[in-house]
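Start counting the sequence shown at 242; every next residue gets the next number (our numbering).
We put the beta carbon where it would ideally sit given N, CA and C, even for glycine.
Source: prediction; values computed, not measured.
The structure under discussion appears below in the form of structure tokens.
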Amino acid sequence: MHAFDYAAPTSLNEAVAVLASQNGNASILSGGTDLLAAMKDGKGDPSVVVDVKKIDELNILDLDDSGLTIGAAVPCHILNSSELVRDNYPALHDSSSLIGGTQIQGRATFGGNLCNASPAADAIPNLIAHKAVANIFGPDGNRSVPVEDFCTGPGSTVLDAGELLVSLSLPTPPAGFGAGYLRFIPRNEMDIAVVGAGVSVILDGDTVVEGRVSLGAVAPTPLFVQECSDAMAGQALSEALITEVGRLAEQAARPISDMRGTVAQRKHLSNVLTRRAMQIAVDRARS
């Protein structure tokens, strides 16, 4: 690891000023679980590490009439233990409990998981299923981007020079809403997803008013599968519909073969995990 300077701004304006002064050669530390590992491996050489955990706006966890706000520096262990999250957004625990082990969850954040932009990230498909929006601050002020549009490639995002992710906004779940996230891994814990699937539904009796499917680890970025939403909208809930949604998810997946899985395996898993996650979402919607 090379020598670097450390900054711990206490305001958004101060953080943006530090980032702007480094001409793109600064790295933001939210949890640091990916950043520090990359730096130790020589994959990153920032001149300054900007620790954003002292900025109030990045540490908010709040529920109001408009929905849930999760600050980009809120660690997973806070989400895991929050009654606010458990009672209103139970599916978020599906992801927050999977990001590393207990020690990692004391530092790791949904914001960092999103900004790391791994195609196999566990938080992102679930956020997409929940219609989450990324709130960004930079030299030109505030802007917001749907999470499905945030990642532009492996390790790359829509963040411009001098910008940082402030928080994630999730709308209030309507009546009949349910969601679920599942992943397949070769080992029992602390592994990278071979495939991940996040699904949400809104039910009105036995009719699917709306649904969303997102897949991880099957494309250069986490996928929002519009074809699945189109197939679910206004349809009667049935085994045939769940089967069709799984088929469309498999069809949308465009994975590669690597040491963790083959193209054929990943496409098959996209189908299976989508169907199972949809059933979880349905069960939660009915409860």
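(request) Look at the alpha carbon of T515 and the alpha carbon of F465, and state the distance between them as a whole number of angstroms. (result) 12 Å
(message) With three or more beta-carbon pairs closer than 8 Å as the criterion, would you say the segment 416–427 touches the segment 277–288?
(response) no
(request) Label T350 either buried or exposed according to how many other C-beta atoms from any shown protein chain fall within 10 Å of its C-beta, with 16 as the threshold for buried. (result) buried
(message) Closest to I592 by C-alpha separation, out of A249, P496 and V523, would be which residue?
(response) The structure shown does not extend to residue 592, since the chain spans only 242 to 528, so no value can be given for it.
(message) Extract the residue ranges of the beta strand (DSSP E) inside the segment 372–458, only unbroken runs of 3 or more that lie entirely within it.
(response) As far as the segment 372–458 is concerned, its whole beta strand (DSSP E) runs of at least 3 residues are 374–379, 382–387, 392–394, 405–412, 418–425, 436–445 and 448–457.
(message) Mapping the DSSP letters down to three states, classify G353 as helix, strand or coil.
(response) helix
(request) Could you tell me if D335 is buried or exposed, where buried requires 16 or more neighbouring beta carbons within 10 angstroms of its beta carbon? (result) buried
(message) Please state whether the Cβ-Cβ distance between A477 and L456 is less than 8 Å.
(response) Contact: no.
(request) Give the straight-line distance between the Cα atoms of D306 and P414, rounded to the nearest whole angstrom. (result) 11 Å
(request) Name the residue from P387, G417, D363 and A278 whose alpha carbon lies nearest to the alpha carbon of D445. (result) G417
(message) Checking the sheet assignment: what are the DSSP bridge partners for T251?
(response) Answer is none; T251 lacks a bridge partner.
(request) Leaving out five residues on either side along the sequence, give the residues of the same chain with a beta carbon under 6 Å from the beta carbon of L325. (result) Excluding sequence neighbours, L325 sits near L304.
(message) Determine, for D432, whether the minimum Cβ-Cβ distance to residues of chain D falls below 8 Å.
(response) Given the protein chain composition of this structure (a single chain), no chain D is represented.
(request) Compute the distance between the beta-carbons of V291 and V259, then report whether it is under 8 Å. (result) yes
(message) Among the candidates I521, L409 and L253, whose CA atom is the shortest distance from the CA of G452?
(response) Ranked by how close their Cα comes to the Cα of G452, the residues I521, L409 and L253 have I521 in first place.
(message) Please report the straight-line C-alpha distance between G502 and L510, rounded to a whole angstrom.
(response) 10 Å
(request) Would you mind stating whether N512 and G487 have Cβ atoms separated by less than 8 Å? (result) yes
(message) When you compare the CB positions of F378 and V257, do they come within less than 8 Å of one another, or not?
(response) yes
(message) Taking only three categories from DSSP, how would you classify V259?
(response) It is helical.
(message) How far does the beta strand (DSSP E) with G308 in it extend, from its first residue to its last?
(response) G308 to G312
(request) For the beta strand (DSSP E) holding V289, just list the boundary residues, first then last. (result) V289 to D292
(message) Rounded to whole angstroms, what is the Cα-Cα separation between T462 and S408?
(response) 20 Å
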